[in-house]
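These notes are about the structure you will find just below.
2 protein chains.
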Amino acid sequence: MLKAKIFVQLKPSVLDPQGKAVSNSLHNLGFSSVFETRISKYIEISFDSEDKARTAQETEKICKSLLANPNTESYHFELEEC
Amino acid sequence: MLKAKIFVQLKPSVLDPQGKAVSNSLHNLGFSSVFETRISKYIEISFDSEDKARTAQETEKICKSLLANPNTESYHFELEEC
Numbered sequence: 000m001l002k003a004k005i006f007v008q009l010k011p012s013v014l015d016p017q018g019k020a021v022s023n024s025l026h027n028l029g030f031s032s033v034f035e036t037r038i039s040k041y042i043e044i045s046f047d048s049e050d051k052a053r054t055a056q057e058t059e060k061i062c063k064s065l066l067a068n069p070n071t072e073s074y075h076f077e078l079e080e081c
Numbered sequence: 000m001l002k003a004k005i006f007v008q009l010k011p012s013v014l015d016p017q018g019k020a021v022s023n024s025l026h027n028l029g030f031s032s033v034f035e036t037r038i039s040k041y042i043e044i045s046f047d048s049e050d051k052a053r054t055a056q057e058t059e060k061i062c063k064s065l066l067a068n069p070n071t072e073s074y075h076f077e078l079e080e081c
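Residue numbers (numbering that gives the first Met the number 0), protein chains in the order written: chain D, 0 to 81; chain F, 0 to 81.
Okay, here's the thing in structure tokens:
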């Protein structure tokens, strides 16, 4: 069993309106030292496989074909046994 | 400047319909070794502060009061300098 821990984040140059909304709320709640908030997706996929090289390739394909929007998002992942 | 890296995840006992939908899509795309998918939020908050202890307390409060639903979600975070 392998687990891919995948982070899908907006590219730094892309505005994050949801993060901006959270920053504003936090300022309104009195957290004045908050400077910036960025909200991303964190996805864990468990694979019924022991083949690390192949699973890494599959995870790469999964990120490209389904999880990340290549225009606005970047991704990285790590694989671990579980 | 400090950065809090916050993970907000559904509790293991809570059904994740979005994750289930991704699993189904991946099976349909031919990724048959996918066993389970869980989708979570990953939030980075930058603080204009150098006081680690106080920022950790604030992050704890922020998670409780805004970011996580205590009924269905758990959270953990780490703080690092940036």
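Heads up, the beta-carbon is just placed ideally off N, CA and C, and yes, glycines get one too.
Starting from residue i, find everything on chain D with Cβ-Cβ shorter than 9 Å and list it in chain order.
i: Thr36 of chain F; result: Ile42, Glu43, Ile44, Ser45
Helix, strand or coil for residue i? Go by DSSP, reduced to three states.
i: Ala20 of chain F; result: helix
i: Ser48 of chain D; result: coil
i: Ser39 of chain D; result: strand
What residues of chain F sit near residue i, judged by a beta carbon separation below 9 Å?
i: Val13 of chain D; result: Ordered by position in chain F, no residue passes the 9 Å Cβ test against Val13 of chain D, which lies about 14 Å from the chain.
In whole angstroms, give me the CA-to-CA distance for residue i and residue j.
i: Val104 of chain D; j: Lys10 of chain D; result: Because chain D spans 0 through 81 in this model, residue 104 of chain D falls outside it and cannot be assessed.
i: Thr73 of chain F; j: Ser39 of chain F; result: Residue identity check: residue 73 of chain F is Ser in the sequence provided, not Thr. Answer to the nearest angstrom: the Cα atoms are 10 Å apart.
i: Glu59 of chain F; j: Phe30 of chain D; result: 12 Å
i: Arg53 of chain D; j: Cys62 of chain F; result: 37 Å
i: Cys81 of chain D; j: Asn23 of chain F; result: 22 Å
What does residue i touch in chain F if you count any residue whose Cβ is under 7 Å from its own?
i: Phe76 of chain D; result: Correct list: empty, because the minimum Cβ distance to chain F is about 12 Å.
Short of 8 Å in beta carbon distance, which residues of its chain neighbour residue i, apart from the five on each side in sequence? Order them along the chain.
i: Glu159 of chain F; result: No answer is possible for residue 159 of chain F: it lies beyond the span of chain F, which begins at 0 and ends at 81.
i: Glu79 of chain F; result: Leu1, Lys2, Lys4
If the cut is a Cβ gap below 8 Å, which residues of chain F does residue i touch?
i: Ser32 of chain D; result: Phe46, Asp47, Ser48, Thr54, Glu57
Spatial neighbours of residue i within its chain, please: C-beta separation below 6 Å, excluding the five flanking residues on both sides.
i: Arg37 of chain F; result: Asp15, Gly18
So which residues of chain D does residue i contact, with C-beta pairs closer than 7 Å?
i: Ser64 of chain F; result: Leu28
Any 3 or more C-beta pairs closer than 8 Å across the stretch 3-10 of chain D and the stretch 42-56 of chain D: Contact holds: three or more Cβ-Cβ distances are below 8 Å.
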